[in-house]
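Accompanying notes for the structure given below.
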Amino acid sequence: MKKSTVTFFNFGVLLLALMVKPWSANWNTNAILDQQIQITPSLAQTEIVRYDGSAASDETGYAEELDSLGIALHPGNTFMPESDGSPRSLNHCKSLVYRTLKSLPEEPVNHLKNLTLYFSDSGRRGLGGGDTVILRCQNVTDEELVGVLVHEMGHIHDTGVLQGSLWSSNSEFMDGSKTVKEDDPSIDFYSLSWTNEDTMNLTATEEDFVSGYAMTDPFEDFAESYAYYILHGTEFRQLAQENAVLQAKYKFLKNSVFDGKEYVNGEEQVDVNARHYDVTVLPYDMAKFFAV
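Mapped onto our numbering, the consecutive letters of the sequence shown carry residue numbers -19 to 272.
What follows is the structure, encoded as structure tokens:
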């Protein structure tokens, strides 16, 4: 049987524009994080608050709830000079961040200790890994900002929550200068398409990935698949029916990351022979995601 052809959407343009890279778990964050790390309370102890008043008052309420999660919030200028944003803009961004975090599984949110929100027309849209996320809140749509944050929380789950034991032997995978341990649960996901952080399996094909950006390395493969699972679960299941590797990735996420939970979001019908470059810019129902 002839192998199906995979079409990537506007690959070159989006490659230049994406600018989402993993924040390596072992990077030194002291240079940009100048506030004392706070202890994050369990997400289970903080019930989600839903507001039904005016948009402005709702935003203020959600923004204040973000402060209650105990995550150390760092000013934008700790990452980029003159990027703090106005109080109104910060309120809006914080409200979106809070509603996103409360719609995600507890483990990665409880693991998040440091959050920097910065305001610039350019620069990386997001950085995430270990216990830290940096997010650009300007020159992105609300849906895109939420999509990027979900992607970055995928890095938190991968490089922060899922960890091997200190006494385990080293695997072939390196996360920056840190060796991923053999008993790290993420190895089971990486190995579906990768032999190490730079090299795909000889049998890997474009159809084995949810996006073009997922083909960058195993860490982006995980984060893109994580975001696709949450924001485009219906589509992911359709692709998985046609591809054994994607089916294995979906099952890993379902059983090892989401504790059996599945999401009903995304298009009912999807072209199984096509892939977009970047999951975070695909249209989805943000209201349905927040209602989870």
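All residues carry an ideal CB built from backbone N, CA and C; glycine is no exception. Remember, predicted model here, so these are calculated numbers, not experimental data.
Residue i in three-state terms, based on DSSP
| i | result |
| --- | --- |
| Ser191 | coil |
| Arg79 | helix |
| Leu53 | strand |
| Met266 | helix |
| Asp155 | strand |
| Ala24 | For Ala24, the predicted structure reports a pLDDT of 41, less than 50, and the residue's modelled location is therefore unreliable. A value from the coordinates is still provided. DSSP places Ala24 in helix when its eight states are reduced to three. |
Residue i: CB within 6 Å of a non-hydrogen atom of the ligand MN
| i | result |
| --- | --- |
| Lys241 | Absence of the ligand MN from the depicted structure is noted, as is the absence of any ligand whatsoever, leaving it without description. |
Per DSSP, cross-strand counterpart(s) of residue i
| i | result |
| --- | --- |
| Asn150 | Lys161 |
| Val113 | Leu95, Gly108 |
| Met60 | Answer by DSSP bridge pairing: none, since Met60 is not bridged. |
Run of the alpha helix (DSSP H) containing residue i, from where it starts to where it stops
| i | result |
| --- | --- |
| Leu211 | 198 to 211 |
| Ala228 | 224 to 232 |
| His135 | 122 to 136 |
| Tyr170 | 166 to 170 |
Below 8 Å, how does it come out for the segment 131 to 146 and the segment 103 to 117: are there three or more Cβ pairs, yes or no? yes
For the 8 Å Cβ check, are there 3 or more pairs between the segment 167 to 180 and the segment 86 to 97? These segments do not touch.
Does the segment 181 to 201 touch the segment 250 to 257, meaning 3 or more C-beta pairs lie closer than 8 Å? These segments touch.
Within the chosen definition, does the segment 116 to 133 reach the segment 69 to 82 through at least 3 CB pairs nearer than 8 Å? yes
Any 3 or more C-beta pairs closer than 8 Å across the segment 204 to 219 and the segment 142 to 161: no
Are the segment 45 to 52 and the segment 229 to 247 touching, with three or more C-beta to C-beta distances below 8 Å? no
Quick check: the segment 156 to 164 against the segment 181 to 188, are there 3 or more CB pairs under 8 Å? no
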